[in-house]
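Enquirer:
Number of protein chains: 2
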Amino acid sequence: MEVNDLTIAQFQRHISEKYEKVDRQRGAAKTFLWFMEEIGELATALNGDDKANLEEEFADVVAWLCTLANITDVDLAEAIKQKYLGDKPPEGHK
Amino acid sequence: MEVNDLTIAQFQRHISEKYEKVDRQRGAAKTFLWFMEEIGELATALNGDDKANLEEEFADVVAWLCTLANITDVDLAEAIKQKYLGDKPPEGHK
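Top to bottom, those sequences are chains A and B.
Sequential numbering from 0 applies to the first sequence in numbering that gives the first Met the number 0.
Sequential numbering from 0 applies to the second sequence in numbering that gives the first Met the number 0.
#1: Can you tell which of B:Asp59, B:Cys65 and B:Thr71 has its C-alpha closest to the C-alpha of Ala68 (chain A)?
#2: Measure the beta-carbon distance from Leu5 (chain A) to Ala76 (chain B) and round it to whole angstroms, keeping in mind my assumption that it falls under 8 Å.
#3: Please report the straight-line C-alpha distance between Gly85 (chain B) and Leu45 (chain A), rounded to a whole angstrom.
#4: For Glu55 (chain A), I'd like the list of residues in its chain whose CB is within less than 6 Å of its CB, leaving aside the five on either flank, ordered along the chain.
#5: Under a three-way DSSP split, which group does Thr71 (chain B) fall into?
#6: Report all residues from its chain with a CB closer than 8 Å to the CB of Asp74 (chain B); omit the five preceding and five following residues, and keep chain order.
#7: Could I get the ranges of all uninterrupted alpha helix (DSSP H) runs contained in the stretch 16-50 of chain A, with 4 residues as the minimum, in chain order?
#8: With distances taken Cα to Cα, identify the nearest neighbour of Asp22 (chain B) among B:Asp72, B:Asn52 and B:Tyr83.
#9: In whole angstroms, what is the alpha-carbon distance linking His13 (chain B) and Pro88 (chain A)?
#10: For Ser15 (chain B), which of B:Ile70, B:Ile79 and B:Ala78 has the nearest alpha-carbon?
#11: What does the alpha-carbon distance come out to for the pair Arg25 (chain A) and Gly47 (chain B)?
#12: So Leu64 (chain A) and Phe34 (chain A) are in contact, right, with Cβ under 8 Å, and what is the actual spacing, rounded?
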C-alpha cells in the first residue's frame, strides 16, 4: 500500500487490532495519561532539531489518539467528516 | 468520497489549503497553545457524556495536529508508516 493511500479508518483499525484489548482494560482516564506523555514528547521534539524524532512523536500522538477514540467508540474519520468536510466547515482559526 | 476512504494525507492537505498560511505566520510555539486548548476540550468531553461533542473534539485535535505537522514540514502518513507499519512495529504499549 502506498503511504499516501493510508486512510484514517485503516490506521484506527490497525491500532485497534494490535492494542485495543489492553487499552480498553486500562480505561480512558489512564489512557489519557499515556496520551499526554506523548503530547509532552511532541513538545520536546518541537523544541529540538531532530526531525526523525519529531516525526516519530507525531506518529505516536496519532496512535494514542486512535487508541482513545477506539476505547470511547469514536470513528475518527466520521468525526472529521462531520466537522471539517461537510457543508459548513469552520472558517478562520478552525 | 466515502468517509472510510479519507486518507491521512488528504486531510493533512485539506487543513494546509484552508489554514496553513495563517498557521505558519503564527509559528509552532503559539500554534501549540491552540493545540493544547483543543486537548483540554477533549479531556472535558472525555469526562462528560455528550457523544457528539466528544466526536467534535477528536476531530479538532486531529485538525490541529495536522496544522502542527504542516508548519513543521512533517508528512503524518509517512511518519506513521515509519513508526507503525514497517518491519518492526512497536509491541505492547506502543
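Idealized CB from N, CA, C, for every residue including glycine.
Expert: Working from what's here:
#1: B:Asp59
#2: Indeed, because the Cβ distance is near 5 Å, the residues count as touching under 8 Å.
#3: 24 Å
#4: none
#5: Looking at Thr71 (chain B) - three-state DSSP - the assignment turns out to be coil, as it is neither helix nor strand.
#6: Ala8, Gln11 and Ala68
#7: 27-45
#8: B:Asp72
#9: 11 Å
#10: B:Ile70
#11: Distance between the alpha carbons of Arg25 (chain A) and Gly47 (chain B) is about 18 Å.
#12: That belief holds up - the Cβ atoms of Leu64 (chain A) and Phe34 (chain A) are roughly 7 Å apart, short of 8 Å.
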